[in-house]
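In the working numbering, the protein residues as written are 1261 to 1669.
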Ligand SMILES: [Zn+2]
């Protein structure tokens, strides 16, 4: 059956509650009417009863929009260490691991993922394979290999520098239908040779990247922990600051003033099974990890003031619920945290069909055992995942299915 779309049927999904990603609250006894891959209506069950060919009743569970992982990678597993080495492994090795990682993302409720650098052009192939239904995974938006100077964080063996070469590099990615561009503006935690707040590119270089991307109608995301690289990225009109671990309070205020997005990735930083047990075995990296953790905790009040906030697992596949929970543990309301993991992700990628449940949106939704607004742990225990109206998980398996309704962009 692979590659063949099932006959178009209207389906009605009912649960004790529904969080639509718009109002910020959970409505009770609401139902979701789905036709093909899209939502047709969200309304009280009594108004929709009998409108579909089939009905699914999730009982006391709650329906939520599918999660949007706004910053991750397909092939990396941070807990195994040497993330940069993993990026340099042969494409066949990466492809095999990527299939499993995508299944883990999907079964945790991630139905859209923004991929933030892969080698070999493998992310373009994965995006298209998921869309064809060859393999199971979230809808993918991809960047190709991230831009970094030779020897810089994330550069692998493919560093690029200077405005002209960077412009060409952007155009090469656009030619492969990149959904966005990724640039490493600062050093990072998991590379022994970089400092957290060192800057990789000057304003002329960053502006060349942003301008070339804009000409192609796509946005630029900057890996930027802190230091002058953040200020340069903001001056150049960057779309999003990724990680932001070492941001100062004035920089956070500048991000909010500019309407720039901030994408937090807390699992990889704080979870013991992430960098701590991987690259953190290198003493210099462990030192950077500990200082990044303590700095981030010191500016969390400023982070709460940023309205354009989205979340990413940064390769901690299957742990998206933990990203949402971290916000609640650090002062965000459950509603704000849930919106950061759903609607905000759709707004970040400028796709109003993603991260919300309303007429015209993708029928991407998950089923949680309780209302996350009452018990945030429910986001870590999703039992059902639907992408484009098709059930993606059953009896512990993850099913591939072709997209109905086009890619996320
Ligand atoms: Zn990353």
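We treat Cβ as the ideally placed atom computed from N, Cα and C, and that holds for glycine.
Alpha helix (DSSP H) segment containing residue i, residue limits
i, result
"residue 1278", "Segment 1277-1279 is the beta strand (DSSP E) holding residue 1278; no alpha helix (DSSP H) there."
"residue 1485", "No alpha helix (DSSP H) holds residue 1485; DSSP gives it neither H nor E."
"residue 1333", "Premise fails: residue 1333 is in no alpha helix (DSSP H) and is neither H nor E."
"residue 1408", "Looking at the DSSP string, residue 1408 is not in any alpha helix (DSSP H), and its letter there is neither H nor E."
"residue 1418", "First-last for residue 1418: undefined, no H or E at that position."
"residue 1556", "1543-1558"
"residue 1510", "1509-1518"
"residue 1605", "1603-1608"
"residue 1586", "1580-1589"
"residue 1345", "1343-1347"
Which residues DSSP lists as bridging residue i, in chain order
i, result
"residue 1290", "1304"
"residue 1285", "Residue 1285 pairs with nothing; no bridge assigned."
"residue 1298", "1295, 1622"
"residue 1315", "1272"
"residue 1479", "1440"
"residue 1644", "1627"
"residue 1387", "Partner(s): none; residue 1387 has no beta bridge."
"residue 1446", "1459"
"residue 1650", "1647"
"residue 1532", "Answer is none; residue 1532 lacks a bridge partner."
"residue 1401", "1374"
"residue 1322", "1277, 1628"
"residue 1523", "1502, 1570"
"residue 1327", "1370"
"residue 1430", "Residue 1430 is not bridged to any residue."
"residue 1658", "1653"
Range covered by the beta strand (DSSP E) that runs through residue i
i, result
"residue 1250", "No answer is possible for residue 1250: it lies beyond the span of the chain, which begins at 1261 and ends at 1669."
"residue 1351", "Unbroken run through residue 1351 is the alpha helix (DSSP H), 1351-1367; no beta strand (DSSP E)."
"residue 1500", "1500-1503"
"residue 1569", "1569-1571"
Heavy atom of ligand 1 within 8 Å of residue i beta-carbon
i, result
"residue 1502", "yes"
"residue 1555", "no"
"residue 1574", "yes"
"residue 1579", "no"
"residue 1376", "yes"
"residue 1525", "yes"
"residue 1457", "no"
"residue 1332", "yes"
"residue 1483", "yes"
Rounded separation between residue i and residue j - CA only
i, j, result
"residue 1272", "residue 1481", "38 Å"
"residue 1629", "residue 1638", "6 Å"
"residue 1276", "residue 1586", "26 Å"
"residue 1414", "residue 1534", "17 Å"
"residue 1508", "residue 1544", "23 Å"
"residue 1648", "residue 1305", "21 Å"
"residue 1653", "residue 1627", "11 Å"
"residue 1406", "residue 1641", "33 Å"
"residue 1473", "residue 1496", "12 Å"
"residue 1493", "residue 1470", "9 Å"
"residue 1660", "residue 1513", "43 Å"
"residue 1548", "residue 1372", "31 Å"
"residue 1643", "residue 1317", "13 Å"
"residue 1409", "residue 1432", "17 Å"
"residue 1378", "residue 1591", "34 Å"
"residue 1573", "residue 1536", "15 Å"
"residue 1441", "residue 1412", "17 Å"
"residue 1589", "residue 1521", "21 Å"
"residue 1518", "residue 1308", "43 Å"
"residue 1532", "residue 1578", "15 Å"
"residue 1632", "residue 1337", "28 Å"
"residue 1424", "residue 1546", "36 Å"
"residue 1613", "residue 1374", "15 Å"
"residue 1658", "residue 1396", "6 Å"
"residue 1399", "residue 1483", "22 Å"
"residue 1270", "residue 1663", "16 Å"
"residue 1655", "residue 1363", "With a pLDDT of only 48 at residue 1655, under 50, the local geometry of the prediction cannot be trusted, and no value is derived from it."
"residue 1452", "residue 1278", "46 Å"
Min CB distance residue i to chain C below 9 Å
i, result
"residue 1620", "In the structure shown, chain C cannot be found, because there is only a single protein chain."
ask   = Does the segment 1319-1327 touch the segment 1560-1567, meaning 3 or more C-beta pairs lie closer than 8 Å?
value = no
message = With a threshold of 8 Å, are at least 3 pairs of Cβ atoms found where one atom belongs to the segment 1416-1430 and the other to the segment 1364-1375?
response = Below 8 Å, too few C-beta pairs join the segment 1416-1430 and the segment 1364-1375 to call them touching: fewer than three.
Stretch pair the segment 1483-1493 + the segment 1441-1458: three plus CB contacts closer than 8 Å = yes
task = Please determine if the segment 1545-1558 and the segment 1599-1607 are in contact, where contact requires at least 3 C-beta pairs separated by less than 8 Å.
result = No, they do not touch.
query = Taking contact to mean at least 3 C-beta pairs separated by less than 8 Å, is the segment 1344-1363 in contact with the segment 1459-1468?
reply = No, they do not touch.
key: Cβ contact (3+ pairs, closer than 8 Å) linking the segment 1425-1437 and the segment 1502-1521   = no
query = Given 8 Å as the limit, is there contact between the segment 1385-1395 and the segment 1591-1605, that is, 3 or more CB pairs closer than that?
reply = no
inquiry  = Closer than 8 Å is the cut-off here; do at least three beta carbon pairs connect the segment 1275-1295 with the segment 1618-1626?
reply    = yes
ask   = Okay, do the segment 1337-1348 and the segment 1293-1311 touch, 3+ Cβ pairs below 8 Å being the bar?
value = no
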